[in-house]
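Residue 167 in the UniProt record's numbering sits at position 167 of the sequence shown, and the numbers go up by one each step. For each residue, glycine too, the CB sits at the ideal point set by N, CA and C.
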Amino acid sequence: MSLFDPFQLKGLKLKNRVVMPPMCQYSVTKKDGIPNDWHYVHYVSRAIGGAGLIIFEMTDVEPDGRITDYDLGLWSDEAIPAFQRIIEACHNYGAKVGIQIGHAGRKAQDAPTPVAPSPIPFNHDFKTPRELTTDEVKEMVEKFRMSVRRAVKAGFDVIEIHGAHGYLIHQFHSPLTNKRHDEYGKDLTKFGREVVEAAKSEVPADMPLIMRISAAEYVDGGYGGDYAVEFSKEYQKAGIDLFHVSTGGEGPIGSGGQPGVHAGYQVPLARQIKQALHVPVIAVGKLDDPILANSIIGNEDADLVAVGRGMLRNPYWTLEAAVQLKKQIDIPVQYERGFPRISK
Numbered sequence: 001m002s003l004f005d006p007f008q009l010k011g012l013k014l015k016n017r018v019v020m021p022p023m024c025q026y027s028v029t030k031k032d033g034i035p036n037d038w039h040y041v042h043y044v045s046r047a048i049g050g051a052g053l054i055i056f057e058m059t060d061v062e063p064d065g066r067i068t069d070y071d072l073g074l075w076s077d078e079a080i081p082a083f084q085r086i087i088e089a090c091h092n093y094g095a096k097v098g099i100q101i102g103h104a105g106r107k108a109q110d111a112p113t114p115v116a117p118s119p120i121p122f123n124h125d126f127k128t129p130r131e132l133t134t135d136e137v138k139e140m141v142e143k144f145r146m147s148v149r150r151a152v153k154a155g156f157d158v159i160e161i162h163g164a165h166g167y168l169i170h171q172f173h174s175p176l177t178n179k180r181h182d183e184y185g186k187d188l189t190k191f192g193r194e195v196v197e198a199a200k201s202e203v204p205a206d207m208p209l210i211m212r213i214s215a216a217e218y219v220d221g222g223y224g225g226d227y228a229v230e231f232s233k234e235y236q237k238a239g240i241d242l243f244h245v246s247t248g249g250e251g252p253i254g255s256g257g258q259p260g261v262h263a264g265y266q267v268p269l270a271r272q273i274k275q276a277l278h279v280p281v282i283a284v285g286k287l288d289d290p291i292l293a294n295s296i297i298g299n300e301d302a303d304l305v306a307v308g309r310g311m312l313r314n315p316y317w318t319l320e321a322a323v324q325l326k327k328q329i330d331i332p333v334q335y336e337r338g339f340p341r342i343s344k
């Protein structure tokens, strides 16, 4: 297999295995969560650039669930047409489009009072969050459900639930941040499972459900890959079809167990999840080198490769990678003069 082989999971058919992962743009101008022309150009240019799957940045289920007031949101039907416009344009260039649905929890920087499983601030620069009541946790599950419903209505091809990087679902399943004594403290994956089950009830039967996880925490006492396997099994039982395997988010990088800074440092964790759960995975993290990205697929370490910063620098990363790897790819006719011909 190679980076440019097609991939299919349920009804999701991708022309290649290159993923643009969610990356916050902090570019909503009216603070209403609705995408604008920046988002249109940002995402559509990557579709023109050949990416197989584009995943919209974290899109929040309520206004105070955003990292900042300039993030996307899907708490209102009013946002649906703006998302539809971008999705339809990306489809015109052969890309499939996903969206990451999430809530920042204690990391909601602009919320007057952030909410979290327990009243533990992220650090001394962040506000101390208010602990959600048991009833509020159940209401939060419904907010996730309604955002997923709107995403399906907008026409997204796949939904990703954000369970990574120290945001709300991660805060619930991490022993570092969940000190509750109710049902959501006695069973740390209960909130995440209920979100997955709610999302599953809203998506078509042939639409896969993705979850992004942090498979290791880089803080003293943080969990590692073995614990990530255990909670991922619970989410898989609840309905997750594919895991997007990242790390970190519960503290400053390097505060306890410093991660490697080398290319592909998170790939072993993606491989661990893939092999333990027999489930497809997306690898991510310093995978900008096409040869490395291709080897990850060829060695069956992961099924898809997400290229983040590389695509921020170059919307046409996928086209350039195909040239370097001597793989056939459809180059927009307007740009053909800029690329060398590849013999069939």
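Pick from the options that is closest to residue i, judged by C-alpha positions
i	options	result
F144	P35, R130 and I161	I161
Q236	A283, K30 and E197	E197
V97	A111, R85 and A104	R85
D301	A322, L319 and V279	V279
V152	Q8, S27 and D206	D206
G65	G166, L3 and A89	G166
L168	M58, R313, L312 and N92	M58
P332	S246, R46 and K326	R46
D182	Y93, D135, A95 and A306	D135
D241	Q266, I210 and R313	I210
E234	K190, G248 and H244	K190
Q272	K186, G285 and Y227	Y227
Y40	I87, T177, F231 and P6	I87
T113	K127, I120 and G102	K127
N296	N314, R193 and Q266	In the sequence under discussion, the amino acid at residue 296 is Ile, which differs from the Asn named in the question. That would be Q266, whose Cα lies nearest to the Cα of I296.
P81	D125, D5 and R150	R150
Endpoints, the alpha helix (DSSP H) within which residue i is located
i	result
R313	R309 to R313
K237	G225 to A238
L277	V267 to L277
A321	W317 to L325
Sequence-distant residues of the same chain with beta carbon closer than 6 Å to residue i, five excluded per side
i	result
G308	P21 and M23
F122	R106 and K107
S255	For S255, the predicted model reports a pLDDT of 45, less than 50, meaning its position is unreliable; a value from the coordinates is still stated below. Counting only Cβ-Cβ distances below 6 Å, and skipping sequence neighbours, we find V219.
D110	T68 and D69
E217	Y223 and E250
L304	R17, V19 and I282
N294	S2, L3 and L325
L132	V115
L188	H173 and N178
E230	none
residue 353	It is not possible to answer for residue 353, since the shown part of the chain is limited to 1 through 344.
Enclosing beta strand (DSSP E) for residue i [first to last residue]
i	result
F243	L242 to S246
A283	V281 to V284
A293	Counting along the chain, A293 falls outside any beta strand (DSSP E), though it belongs to the alpha helix (DSSP H) covering P290 to G298.
A302	Here A302 belongs to no beta strand (DSSP E), and DSSP marks it neither H nor E.
V333	Careful: V333 lies outside any beta strand (DSSP E) and carries neither H nor E.
residue 417	A query on residue 417 cannot be resolved here, the shown segment of the chain reaching from 1 to 344 and no further.
M20	V18 to M20
Q25	No beta strand (DSSP E) contains Q25, which DSSP labels as neither H nor E.
K13	L12 to L14
residue 348	This structure cannot settle anything about residue 348, because the visible part of the chain is limited to 1 through 344.
Close-in-space but distant-in-sequence residues of the same chain around residue i (CB under 7 Å, 5 per side omitted)
i	result
G310	D288 and W317
F83	P35 and A154
E336	none
G298	M1 and S2
Q334	none
G73	G33, T59, D60, P63, R66 and A79
T29	N36
F339	L319, V323 and I331
N314	E320
Beta-carbon proximity of residue i to residue j, cut-off 7 Å
i	j	result
L277	G225	no
A104	I159	no
P290	K10	no
P129	R180	no
K200	G239	yes
L292	A321	no
I55	Q100	yes
V195	V141	yes
Y26	C90	no
H170	A164	yes
K31	G94	no
V245	A215	yes
I329	G50	yes
Any C-beta of chain D under 7 Å from that of residue i
i	result
P315	The structure shown contains no chain D; it holds only a single protein chain.
Same chain only: Cβ atoms within 8 Å of residue i, ignoring 5 sequence neighbours per side
i	result
Y184	P117, T134, V137, F172, N178, K190 and F191
> Unbroken alpha helix (DSSP H) runs of length 4 or more, entirely within the stretch 138-220: which are they?
Replying inline: 168-173, 183-186 and 190-200
>> To test your reading of the DSSP string, which unbroken alpha helix (DSSP H) runs of 4 or more residues are found completely within the stretch 36-119?
In response: 37-48 and 80-92
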